[in-house]
Amino acid sequence: MELMKEESFEKEQKGASTLPEDGSQQACCPFRGGDSSWPEEEGLDLLELWLVLWNHRKFLLALFLVATISTGCLSLFVFPKIYQAKASLIPVESREGGLSSYLSMLGGIGLSLPAGKATPSQTLVAILESRTLKEKVISRLDLLKIFSEKEWDPLRKEWKDPIKAPSLEDGVKALRGITRVSDERRTGLVTITVEWKDPALASEIANAHILELEGFINANALSVAKKKRLFLEAQVSKTKRELSEAEERFKDFQQEKRFVAMNEQAEAAIRGLAELKGMVAAKEVELDVIRTYATPLNPKVQLLESQLAELRKQLERLEANHSKEGGSKLSLAGAPELGLTYGRLKRDVVFHEKVLELLTQQYELARIEESKEDVAFQVIDWAVPPVKKYKPETRTNVLLAGVLSILLGTTLVFGYRYVRRVRQDLRAKLKSS
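Below you can see the structure in the form of structure tokens.
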């Protein structure tokens, strides 16, 4: 063997290194002080190391070729080719609060958000990595059959063993294993990276994340403007219904009693009182809307509370004046019973008209805000099927295998040399004893 040739080399080295007995050792190595009892130093200089490796060059070359060729063949023909598809998007700040103002409420529906004040991009990353969105992506592309293709029977279109069929949780775990979502702090760019053996499917999975993200945000009514619009929409519908009922009662009263109208002063007093009550009711609705997403310490809440208190004071003063004039909050001095009923019904109609007018204005503003906040991000790049494989990297793997084979071969050569030298020393000691 190649390793056995070293014995003759060591014998020659021992003969060449034998020192004369006339004290020339001291001249060669003066730091030993001529002490013959000092043990002879056993070491290897660079030339000797190189000679050892040179004597085993065939072994090292064979190991290098085997490692590199086998690694290249495995990378080219055995290991599956993996393709990488990327899609990128960026959050959009549209109005006050924008994306961060309403997506921060996601923690209430079971999503894990970054600690502290999350940036819009961090919030989008949290949604993209959530279990809920992963399940939607799996359902959209029917990925369970793809991830567990060995358990799926494509002919019968059913699982081979229903008991061992993969669960949705298994699919989420597999999807997370091939997907990576990251954000760039400086620009806020969010990147979705998918690695899979089918390039077309890899791009579809990346794009499905974006589609499901958009649908998830819109469907869950996460926008402050959307929550406000829905609340006002319900209030407008309710007020319209109440106004219609009030108008019907007023019309029936006029037809039944043939009471057409009161004098202009009474009409003006009734309308003024009803409109002020309508303003109070509309302001209460506006305050209730803001309280759905703001705390009592919010400046908007405090401003509305002060405005509402002032309107209530004005309403109390106006009602007190009517009370002094006629002894009733709703009557004028000396008004007959029909006039009282007419005043109440007329006031209800005017009241609901004023409330409907104010709520409709707020509803239209909420619709405008919602249209600006409906899409909270902008897609920069949709994923496209990659042409070149991402891994295995044949060139890198071959280079790494070559370096490791040289290191391994060197270790084996010197390890073998060391073990053989120890065995020779033991034999020499046994013979001398």
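Numbering (my numbering), first residue to last: 22 to 454.
Cβ atoms here follow ideal geometry from the backbone N, Cα and C, with glycine treated the same way.
Where the beta strand (DSSP E) containing residue i begins and where it ends
| i | result |
| --- | --- |
| Ile-231 | Element bounds for Ile-231: not the beta strand (DSSP E) but the alpha helix (DSSP H), 220-240. |
| Asp-204 | 200-204 |
| Thr-212 | 211-217 |
| Phe-398 | 398-402 |
| Ile-159 | It is not in any beta strand (DSSP E) - Ile-159 instead sits in the alpha helix (DSSP H) that spans 152-162. |
Range of the contiguous alpha helix (DSSP H) that encloses residue i
| i | result |
| --- | --- |
| Val-424 | 415-453 |
| Leu-149 | 141-149 |
| Ile-111 | No alpha helix (DSSP H) holds Ile-111; the beta strand (DSSP E) holding it covers 104-112. |
| Ser-188 | Ser-188 -> no alpha helix (DSSP H), and no H or E assigned at all. |
| Leu-95 | Element bounds for Leu-95: n/a, residue is neither H nor E. |
| Val-99 | It is not in any alpha helix (DSSP H) - Val-99 carries neither H nor E in the DSSP assignment. |
| Leu-74 | 67-76 |
Beta-carbon proximity of residue i to residue j, cut-off 8 Å
| i | j | result |
| --- | --- | --- |
| Ala-147 | Ile-213 | no |
| Trp-403 | Asn-228 | yes |
| Ser-426 | Leu-74 | no |
| Leu-145 | Glu-233 | no |
| Leu-162 | Ile-226 | yes |
| Thr-362 | Phe-274 | yes |
| Asp-182 | Gln-143 | no |
| Ile-103 | Lys-185 | no |
| Pro-175 | Pro-141 | no |
| Leu-379 | Phe-271 | no |
| Gln-407 | Ala-223 | One detail in the question is off: residue 407 reads as Pro in this sequence, not Gln. In contact: Pro-407 and Ala-223 (Cβ atoms closer than 8 Å). |
| Lys-321 | Ala-330 | no |
| Val-371 | Glu-296 | yes |
Close beta carbons around residue i, own chain, < 6 Å, minus the five adjacent residues each side
| i | result |
| --- | --- |
| Val-376 | Thr-260, Gly-299, Ala-302 and Ala-303 |
| Glu-150 | Val-202 |
| Asp-369 | Ala-267 |
| Glu-172 | Trp-180 and Lys-181 |
| Ile-311 | Lys-321 and Val-322 |
| Ala-422 | Ala-88, Thr-89 and Thr-92 |
| Lys-450 | none |
Selection from the options that minimises the alpha carbon distance to residue i
| i | options | result |
| --- | --- | --- |
| Thr-89 | Asn-418, Lys-247 and Glu-235 | Asn-418 |
| Phe-98 | Glu-378, Ile-231, Ala-246 and Lys-412 | Lys-412 |
| Gln-105 | Leu-425, Glu-414 and Ala-449 | Glu-414 |
| Ser-258 | Tyr-384, Asp-369 and Lys-334 | Tyr-384 |
| His-230 | Leu-429, Phe-398 and Pro-407 | Phe-398 |
| Ser-265 | Glu-374, Glu-277 and Glu-216 | Glu-374 |
| Leu-81 | Arg-442, Leu-429, Ser-453 and Gly-436 | Leu-429 |
| Leu-420 | Asp-66, Thr-92 and Lys-79 | Thr-92 |
| Glu-337 | Leu-95, Gly-293, Arg-206 and Thr-313 | Gly-293 |
| Leu-95 | Arg-416, Arg-448, Arg-444 and Tyr-439 | Arg-416 |
| Lys-409 | Arg-206, Glu-235, Gly-209 and Pro-220 | Pro-220 |
| Lys-79 | Thr-208, Ser-453, Lys-334 and Thr-431 | Thr-431 |
| Arg-152 | Ala-341, Arg-177 and Lys-194 | Lys-194 |
Residues near residue i by beta carbon distance below 7 Å, same chain, minus five either side
| i | result |
| --- | --- |
| Ala-387 | Ala-246, Lys-249, Arg-250 and Leu-253 |
| Leu-196 | Lys-155, Val-158, Ile-159 and Leu-164 |
| Thr-381 | Val-257 |
| Ile-199 | Val-215, Glu-216 and Trp-217 |
| Ser-169 | Pro-187 |
| Arg-441 | none |
| Val-306 | Gln-256 and Leu-380 |
Beta-carbon contacts of residue i that lie in its chain and below 8 Å, excluding the five residues immediately before and after
| i | result |
| --- | --- |
| Glu-326 | Leu-308 |
| Lys-328 | The question names Lys, yet the displayed sequence has Gln at residue 328. The residues are Lys-304. |
| Val-400 | Ala-108, Ser-109, Leu-110 and Ile-231 |
| Ala-87 | The residue you asked about is not Ala; residue 87 is Val in the sequence shown. Closer than 8 Å at Cβ, skipping near neighbours: Ser-426. |
Below-8 Å beta-carbon distance, residue i vs any chain C residue
| i | result |
| --- | --- |
| Gly-423 | Although the question refers to chain C, the structure presented lacks it and comprises just one protein chain. |
Evaluate the contact criterion for the region 67-83 versus the region 188-201: three or more CB pairs, one atom per stretch, below 8 Å.
no
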